[in-house]
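Reminder that position 173 of the sequence shown reads as 768 in my numbering, one-by-one numbering, no gaps.
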Amino acid sequence: MSENGSRPSSYRKNHGRGHSYYIDGVKVDSITGPLGQGFPKPALIKWAAEETSKYAVNRWDELAELPAGDRMARLMVARFESQDEAKVRGTIIHRYAHRLAAGETVEVPDEYRDHVDRYLDFARDWDPDELMVEQPVFSRSHQYAGTPDLIAKLADGQTWLLDWKTGAKHGVYAEHVLQLAAARFAEYTVDDAGAEVPLPPIDAAGIVWLRADGYDLYPVEANARAFALFRAVKALAHYVDGGLEDWVGDSLLPPELEDEDAGID
């Protein structure tokens, strides 16, 4: 809400562990939504099989006590548990680290401690002057929105758009380039008063891969070409998610049968 209590024209609405974005009262795509639906990810097939198998093995006795239908339902969604954890892990780590860097006394859970320490290493090395932290950005002309992790001026004097990644095996994937490009080419954010304000000029974009044993900052070419690819993926996602009735008509009869059906001699 804005300072006067009214809803701004563009906003993020949180619900449970998820969220949605609205522009002028209309729900719009999140940046990551089209990338999940329209961007090819063949490695996800292997990943889904591995996560489902791991879930079944680790909970074998628990699952054995359930009716067959309930076991199937649990296994069908099992892979999303680790996916959801990965989505929020970077945000949680940054929030702990941000409070520590500000001088607060914080008890960090063991599962995040090493990664938080690596973020603090990054902060020591790159001295980020934070301009926007987890602040939604919007594109009215292309009808999407998203929440990048950080926009900050770093020790090299450049203003960076950054996302945190905490995957164990890999820090950067191809879709991350398009994700950053979409955030970089968003048109505005919304301030505390509900006013639309342009994003600060961004010089560079990158991924900070935080691991228990260190961190890496990877520069990413989130340029106009990458943004054009994002828009193409967005269009493809809408095609994949849409109905065939927009593209495929009813089946046709041969002309003579169609005439008979219409009662024409």
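Each residue gets a CB set at the ideal place from its N, CA and C atoms; glycine is no exception.
Q: Report the residue ranges of all beta strand (DSSP E) runs contained in full by the segment 702 to 762; include only those spanning at least 3 residues, in chain order.
A: For the segment 702 to 762, the continuous beta strand (DSSP E) assignments of 3+ residues that do not extend past its boundaries occur at 724 to 728, 732 to 734, 739 to 741, 745 to 748 and 754 to 760, in sequence order.
Q. What are the residues that DSSP puts in a beta bridge with Ala800?
A. Taking the first residue of the sequence shown as position 1, residue 800 is located at position 205. Ala800 is bridged to Leu756 and Val815.
Q) Comparing alpha-carbon positions, which option in Tyr810, Arg826 and Glu840 lies nearest Gly633? A) The residue given as residue 633 occupies position 38 in the sequence shown. Minimum Cα distance to Gly633 is reached at Arg826.
Q: Determine the direct distance from the alpha carbon of Gly801 to that of Val701, and round the result to whole angstroms.
A: Translated into positions along the sequence shown, residue 701 becomes position 106. Translated into positions along the sequence shown, residue 801 becomes position 206. Approximately 28 Å between the Cα atoms of the pair.
**Q.** Cβ neighbours of Leu852 in the same chain (closer than 8 Å, five flanking residues each side left out)
**A.** Reading the sequence shown from its first residue, position 257 is the one you call residue 852. Same-chain partners within the cutoff: there are none.
Q | Distance, Ala643 Cα to Asp656 Cα | A | The residue you call residue 656 lines up with position 61 of the sequence shown. The residue you call residue 643 lines up with position 48 of the sequence shown. Roughly 21 Å between the two C-alpha positions.
Q) Excluding five sequence neighbours on each side, which residues of the same chain lie with their C-beta closer than 8 Å to the C-beta of Ala807? A) On the sequence shown, residue 807 is found 212 positions in, with the first residue counted as 1. Excluding residues within five positions, the ones whose Cβ falls inside 8 Å are Asp709, His710 and Arg713.
Q. Going by other Cβ atoms of all chains shown within 10 Å of its Cβ, with 16 needed for buried, is Pro793 buried or exposed?
A. The residue given as residue 793 occupies position 198 in the sequence shown. Counting the other CB atoms within 10 Å of its CB gives Pro793 a total below 16, which places it among the exposed residues.
Q. When the distance is taken between beta carbons, is Glu646 closer than 7 Å to Arg674?
A. Working through the sequence shown from its first residue, we reach residue 674 at position 79. Working through the sequence shown from its first residue, we reach residue 646 at position 51. Yes. Within cutoff.
Q: Could you say which of Glu816, Glu840, Val803 and Gly789 lies nearest to Pro603 if we only look at CA atoms?
A: Residue numbering aside, residue 603 sits at position 8 when the sequence shown is read from its first letter. The residue among Glu816, Glu840, Val803 and Gly789 with its C-alpha nearest the C-alpha of Pro603 is Gly789.
Q: Go ahead and pull the three-state DSSP assignment for Gly809.
A: In the sequence shown, the residue the question calls residue 809 occupies position 214. In the structure shown, Gly809 sits in a strand (DSSP, three-state: E or B).
**Q.** Same chain, Cβ closer than 7 Å to Pro796, five either side skipped, listed in chain order
**A.** One-based indexing of the sequence shown puts residue 796 at position 201. Around Pro796: Thr754.
Q) With a cut-off of 8 Å, do at least 3 Cβ pairs link the segment 835 to 852 to the segment 745 to 753? A) Because the criterion of three Cβ pairs below 8 Å is not met, the segment 835 to 852 and the segment 745 to 753 do not touch.
Q: Take Ala718 and list the residues in its own chain whose beta-carbon comes closer than 6 Å to its own, dropping the five residues that flank it on each side.
A: For the purposes of this step, residue 718 is taken as the residue at position 123 of the sequence shown. Counting only Cβ-Cβ distances below 6 Å, and skipping sequence neighbours, we find Ala696.
Q. Could you give the residue range of the beta strand (DSSP E) that holds Val621?
A. Against the sequence shown, residue 621 aligns to sequence position 26. From DSSP, the beta strand (DSSP E) with Val621 extends over Val621 to Ser625.
Q. Rounded C-beta distance between Tyr650 and Leu670? I'm assuming under 8 Å.
A. As a working note, residue 650 is residue 55 in the sequence shown. As a working note, residue 670 is residue 75 in the sequence shown. Contact holds; Cβ gap of about 7 Å.
Q) Grouping DSSP H, G and I as helix and E and B as strand, with all else coil, what is Thr784? A) Working through the sequence shown from its first residue, we reach residue 784 at position 189. Strand.
**Q.** Per-residue burial, Leu661 [other beta carbons within 10 Å of its own, 16 or more giving buried]
**A.** Counted from its first residue, the sequence shown places residue 661 at position 66. Around the beta carbon of Leu661, a 10 Å sphere encloses fewer than 16 other beta carbons of the protein chains shown; the residue is thus reported as exposed.
Q: If I'm right that Pro595 touches Arg607 with Cβ under 8 Å, what's the distance once you round it to whole angstroms?
A: Residue 595 is absent from the structure shown; the chain starts at 596 and stops at 860.
Q | Helix, strand or coil at Ser648 according to DSSP, with G and I counted as helix | A | As a first step, residue 648 is located in the sequence shown; it is residue number 53 there, counting from the start. Helix, per DSSP.
Q | Three-way DSSP call (helix, strand, coil) for His765 in this model | A | Residue mapping note: residue 765 aligns to position 170 of the sequence shown, counting from 1. Correct three-state label for His765: coil.
(Q) For a test of the three-state rule: what should DSSP assign to Glu791, helix, strand or coil? (A) Position 196 of the sequence shown, counted from the first residue, corresponds to residue 791. Looking at Glu791 - three-state DSSP - the assignment turns out to be strand.
Q | Gly613 - DSSP class collapsed to helix/strand/coil | A | Your numbering for residue 613 matches position 18 in the sequence shown. Correct three-state label for Gly613: strand.
Q. Among the residues of its own chain, which have a CB less than 7 Å from the CB of His689, if the five just before and after it don't count?
A. Locating residue 689 in the sequence shown gives position 94, counting from the first residue. Excluding residues within five positions, the ones whose Cβ falls inside 7 Å are Tyr714, Asp744 and Trp759.
Q. Considering only C-alpha positions, which residue in the set Tyr834, Ala778, Leu824 and Glu699 is nearest to Ser625?
A. Your numbering for residue 625 matches position 30 in the sequence shown. Closest by alpha carbon: Ala778.
Q. Hey, would you say Phe733 sits closer than 7 Å to Ile618, going by beta carbons?
A. Within the sequence shown, residue 733 is the residue found at index 138, counting from 1. Within the sequence shown, residue 618 is the residue found at index 23, counting from 1. In this structure, the beta-carbon distance from Phe733 to Ile618 falls below 7 Å.
Q | Where Leu839 falls, given that 16 or more other Cβ within 10 Å makes a residue buried | A | The count along the sequence shown starts at 1 and reaches residue 839 at position 244. Classification for Leu839: exposed.
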